[in-house]
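First residue of the sequence shown? That's 1 in UniProt numbering, and the numbers climb one at a time after it. To start, the structure itself, in structure tokens.
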Amino acid sequence: MEGAAVDRGHGRLGARTPGFSPRLWEGSGGRWLEQGGLGARTPGFSPTLTLCLLPGQAPTLWGCPTHWGTSVAAAPAGTDPAPLPATHPSRGGWGPGRLGSLPGSGRGVGAGGLEQGALGARIPGFSPRLWVGSGGWWIRARGLGSLCTGVSPLSPPSVPGYAFLGPPKLLTGAWAEYSCVPENFLKGCKWAPDGSCLLTNSADNTLRIYNLPPELFGQEWGAVAEMSPVLRMAEGDTIYDYCWFPLMSSADPPTCFFASSSRDNPVHVWDAFCGDLRATFRSYNHLDELTAAHSLCFTPDGSQLFCGFDKTVRVFETERPGRVCESRPTFVKKQGQSGIISCITFSPAQPLYACASYSRTVGLYSRAEGTALAMLQGHRGGVTHALFSPDGTRLFTGGRKDPEILSWDLRQPGQVLFSMRRSVATNQRLYFDLERSGRFLLSGTTEGLVLVWDTAQPPTGDPDPVLEPLLQFQALRDCVNGISLHPSLPLLASASGQREFLEPWDSAEEDEEGGPGPPQRPARGQNCLQLWWCGESGEHHPAP
1 MEGAAVDRGH GRLGARTPGF SPRLWEGSGG RWLEQGGLGA RTPGFSPTLT LCLLPGQAPT
61 LWGCPTHWGT SVAAAPAGTD PAPLPATHPS RGGWGPGRLG SLPGSGRGVG AGGLEQGALG
121 ARIPGFSPRL WVGSGGWWIR ARGLGSLCTG VSPLSPPSVP GYAFLGPPKL LTGAWAEYSC
181 VPENFLKGCK WAPDGSCLLT NSADNTLRIY NLPPELFGQE WGAVAEMSPV LRMAEGDTIY
241 DYCWFPLMSS ADPPTCFFAS SSRDNPVHVW DAFCGDLRAT FRSYNHLDEL TAAHSLCFTP
301 DGSQLFCGFD KTVRVFETER PGRVCESRPT FVKKQGQSGI ISCITFSPAQ PLYACASYSR
361 TVGLYSRAEG TALAMLQGHR GGVTHALFSP DGTRLFTGGR KDPEILSWDL RQPGQVLFSM
421 RRSVATNQRL YFDLERSGRF LLSGTTEGLV LVWDTAQPPT GDPDPVLEPL LQFQALRDCV
481 NGISLHPSLP LLASASGQRE FLEPWDSAEE DEEGGPGPPQ RPARGQNCLQ LWWCGESGEH
541 HPAP
């Protein structure tokens, strides 16, 4: 930064990639952002965007080539950054464009003030930062794909939606990561709330974070390389459950964390930027012995963490780690919901939550006091997963060794609208997920199929209605236990694998003396993470 006296302040904006720590420089001429360490570790990452917004004028968007340690949008002291010419080279398919216009009035921020904005849609990696200074407005956007031209920055760009008209296209996956250790099968996957990364659990008691593939940041997709984790967090024993902080945003590093629970350990809160342990929530039984939570779920506003135990739910304040908590028994004087609370989920529309139990029941409780409102019974096996519809009128539940996912009508508690059949032959937890509008529900099976149901067209005229799948496709020849739909792009993440047992040789192969035959051969599974494109055929998709 020549020709200007610069005061340097250090920030942690940007993607969660080891070694990435951008710097925000403030001087008499304005503010500049420098990226450090990203380009060298994430090849093909799209360039940083700079947007010059002058009150009453149409803003101009351009791409700047970024290199490790190179300043971005530098401007001489006392001047505003000028748009780059249309012929300026840019990487990742970016080019100059127009975003529309902003209102002529300002945003109520004085000259030289700093304000973080929330322009643009919540697209993975697109977390704009808005600076308001004496010269006008600047937006620094860390981007995925391209921003739609001709759209006002105050309205979100057009984002492709899910369209299950045929089998999705396999983009990439992670295979080598789970082949180093025998029987290292996955146990589910969950997209971050802002869609910037993916969290997985596996049999080696390790949580892994994968960034969205950098090849998807360009306008044209070619071959996508195999995914590799950017962070690994090892737990001490079998991981029971894990969940993201619901307000997580890559633009706000303090919100980037998730919680996990493992056997004989307290609840751990992990930093999703560097993988460090941030805090612990500890629960003790009546003998003052540490007990592990079997299920976890943050409240929608992120203020509390609900943990499921045997016949008890304990509530921790998110901002107060430690052992102080509120205990809410679900089974008192031989009445209520018994068994281990295997899953907790909150309604997005009403102040209530649902607790699923291995006792084959689902309880509905008020969020404020934990008062029992209803008890739902009808599963053949222990309930392992539950989800509310976006409007809060339906609850979907599924169990272990239970071939049905039930859709409950919460306007008439106890009423089953319909069931959806899937193959669940083991005690393993098989996740399912709802598309963001609540229309499509997806689930895997123990036979490697992925099933898609259209819940907007329930069956009628049958006393025991069964909704048939809209689509099914063979993802693998092994159990698909994890299903997670991206919050803003038509991307499906699937996790697979299960515990394999030795396959005995045929009895005819024993020797003539009746002795044992050759050693047993191990069964081979397919332990991997896969990423699928589920958009319409005419939308932006990988190049053939």
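Don't be surprised by glycine CBs; every beta carbon is placed ideally from N, CA and C.
For Tyr162, there is no enclosing beta strand (DSSP E), as DSSP gives it neither H nor E.
Under the 10 Å beta carbon count, Tyr284 is surrounded by fewer than 16 other beta carbons and is classified as exposed.
Judged by their CB atoms, Cys256 and Phe273 are nearer to each other than the 7 Å cut-off. Between Pro167 and Cys534, the C-beta spacing is not below 7 Å. Looking at the backbone, the Cα of Glu319 and that of Ser303 are separated by about 7 Å. Per DSSP, the unbroken beta strand (DSSP E) holding Leu199 starts and ends at Cys197 to Ser202.
Using a 10 angstroms sphere on the CB of Arg499, the tally of other CB atoms stays under 16, which defines it as exposed. CA-to-CA, the gap between Ala259 and Glu447 works out to about 30 Å.
As summarised for the stretch 469-502, the continuous beta strand (DSSP E) elements at least 3 residues long and confined to that stretch are 471-474, 480-485 and 491-496, given in chain order.
Contact between the stretch 440-460 and the stretch 469-486 is established, with three or more Cβ pairs separated by less than 8 Å. In summary, Pro193 is buried, with 16 or more beta-carbon neighbours lying within 10 Å of its beta-carbon over all protein chains present. Following the DSSP letters along the chain, one finds Ser261 inside the beta strand (DSSP E) bounded by residues Phe257 to Ser262. Looking at the DSSP output, Thr361 sits in a beta bridge with Gln377.
The secondary-structure analysis by DSSP pairs Arg208 across a beta bridge with Thr200 and Arg232. Distances from the alpha-carbon of Pro403 to those of Leu430, Val315 and Gly336 put Leu430 closest.
Straight-line spacing of the CA atoms in Asp464 and Phe418 works out to 7 Å. Check the Cα spacing between Leu376 and each of Ile209, Gln337 and Cys343: the tightest is with Gln337. DSSP, read as helix, strand or coil, puts Leu410 in coil. Three or more Cβ pairs drawn from the stretch 228-244 and the stretch 171-190 lie within less than 8 Å of each other, which places the two stretches in contact. Your pair Ile340 and Ser357 checks out as a contact, with CB atoms roughly 7 Å apart and the cut at 8 Å. For the pair Arg422 and Asp288, the Cα-to-Cα distance works out to about 42 Å. With respect to Ala292, Asp310 sits apart: the two C-beta atoms are not nearer than 7 Å.
Within the same chain, and ignoring the five residues on either side of Ala425 in sequence, the residues whose Cβ sits closer than 6 Å to its Cβ are Thr446.
Around the beta carbon of Leu165, fewer than 16 other beta carbons lie within 10 angstroms, which makes this residue exposed. Scanning the stretch 311-371 from its first residue to its last, the whole beta strand (DSSP E) runs of 3-plus residues come out as 312-317, 326-329, 341-346, 352-357 and 361-366. Around the beta carbon of His379, 16 or more other beta carbons sit within 10 angstroms, so the residue counts as buried. By DSSP's assignment, Leu449 forms a beta bridge with Gln474. Going by beta carbons, Ala174 and Leu529 fall inside the 7 Å limit.
Within the same chain, Cβ atoms closer than 7 Å to the Cβ of Leu373 are found at Leu352, Leu364, Tyr365 and Ser366, the five residues on either side in sequence being excluded. Around Arg278, the same chain offers Phe257, Val269, Trp270 and Asp271 as residues with beta carbons nearer than 7 Å, after the five sequence neighbours per side are excluded. Of the candidates Gly438, Arg282 and Pro300, the residue whose Cα lies closest to the Cα of Pro321 is Arg282.
Arg278: member of the beta strand (DSSP E) spanning Leu277 to Phe281, first to last residue. As for any beta strand (DSSP E) of minimum length 3 sitting wholly inside the stretch 166-192, the runs are 169-174 and 186-191, ordered along the chain. Considering only His294, Leu216 and Gly195, the residue with the shortest C-alpha distance to Ile209 is Gly195.
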